[in-house]
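Everything on this sheet refers to the single structure shown next.
Below, the structure is given as C-alpha cells:
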C-alpha cells in the first residue's frame, strides 16, 4: 500500500506499507531511487529511502517491494531476491506524456514489461507489477497511465494481466515449489561470481576494459 510518509518536518519518503493477511503491518519500505522527470518531480519532495531493500515475512510468502523508479534497477531486484524474497511487488504510476504516444510510446510500455519479466527470470521469483490507470491533468499537461498490471512467474510467463483502461483485480496462483524447481534448472544465484562484482559500487568505469580506474 503506497503512501506519503512524513518522517519529520521537511523530511518525507515515498513509502509502501506491507500488510499481512490479518491486516497487520508486516513492515515499511522506503523508495530508494528518486526520479526527476517531467511531471515526476520527486526530488523536490522526497528523500531517498534508508531502510535498504527489505523482505517482509507474511502468512503466504516473503515479499519484497520496489516502488516505481526502483523497478528499473537490476541491482535492486537482485538484492531483494538475495534477502529471501519469493515475490517482488512493484507498485508504480507510469504512463505516456502527450508526445510519447505512437510507436515510441508502445516501445516504452513494452520495455517496462520486459524489464520486470527479466527481474523475475534472473532472480527466480514471482513478480507483480501494479500500475495505475486513467489520466491525470495538471498545468504542465497530462499523463495517460498504461494500466496493464500483471503477475509473472520465475520464467517470466505472464499468469494474469489487468486491463489498460479501467481499474481491475487480477488473481494468480504462485508456488514455492515452482521457485525451487526453476532455481535448480537455472541456478543463477548459485553461479554468481561475487568476486568479480566489486566495480558495481563505482558510478561508472572510466578507461579501457580491464584497466583499474584507481590504479
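Residue numbers (our numbering): -10 to 204.
Beta carbons are placed, not taken as given, at the ideal position from N, Cα and C, and that holds for glycine.
Separation of residue j from residue i, as counted between CA atoms
i           : j           : result
residue 119 : residue 109 : 14 Å
residue 169 : residue -9  : 30 Å
residue 2   : residue 41  : 13 Å
residue -2  : residue 37  : 16 Å
residue 174 : residue 136 : 33 Å
residue 115 : residue 69  : 12 Å
residue 93  : residue 25  : 21 Å
residue 15  : residue 153 : 30 Å
Beta carbon proximity, residue i to chain C, threshold 8 Å
i          : result
residue -5 : Any reference to chain C falls outside this structure, which holds one protein chain only.
Residue i - containing beta strand (DSSP E), residue span
i           : result
residue 126 : 122 to 127
residue 7   : 0 to 8
residue 147 : 147 to 150
residue -8  : -9 to -3
Buried or exposed (CB count within 10 angstroms, at least 16 for buried), residue i
i           : result
residue 32  : exposed
residue 46  : exposed
residue 139 : buried
residue 106 : buried
residue 4   : buried
residue 102 : buried
residue 59  : buried
residue 21  : buried
residue 125 : exposed
residue 187 : exposed
residue 48  : exposed
residue 113 : buried
residue 55  : buried
residue 292 : Residue 292 lies beyond the range of the chain shown here (-10 to 204); nothing can be said about it.
residue 83  : buried
Residue span of the alpha helix (DSSP H) that contains residue i, given as start and end
i           : result
residue 63  : 63 to 71
residue 51  : Run containing residue 51: none in the alpha helix (DSSP H); it sits in the beta strand (DSSP E), 51 to 54.
residue 46  : Looking at the DSSP string, residue 46 is not in any alpha helix (DSSP H); the run it does join, the beta strand (DSSP E), is 44 to 46.
residue 104 : 92 to 112
residue 169 : 165 to 174
Supposed close pair residue i, residue j - CB separation, criterion 8 Å
i           : j           : result
residue 44  : residue 72  : 4 Å
residue 231 : residue 78  : Since the first and last residues shown for the chain are -10 and 204, residue 231 lies out of range.
residue 80  : residue 98  : Contact flag wrong, Cβ pair sits at about 17 Å.
residue 123 : residue 134 : 6 Å
Taking three-plus beta-carbon pairs below 8 Å as touching, is the segment 80 to 99 in contact with the segment 127 to 138?
Remark: three or more beta-carbon pairs, one from each stretch, lie closer than 8 Å, so the segment 80 to 99 and the segment 127 to 138 are flagged as touching.
Count the C-beta pairs between the segment 153 to 164 and the segment 172 to 180 that are closer than 8 Å, then say yes if the count reaches three, no if not.
The answer is no - the segment 172 to 180 does not touch the segment 153 to 164, with fewer than three Cβ pairs under 8 Å.
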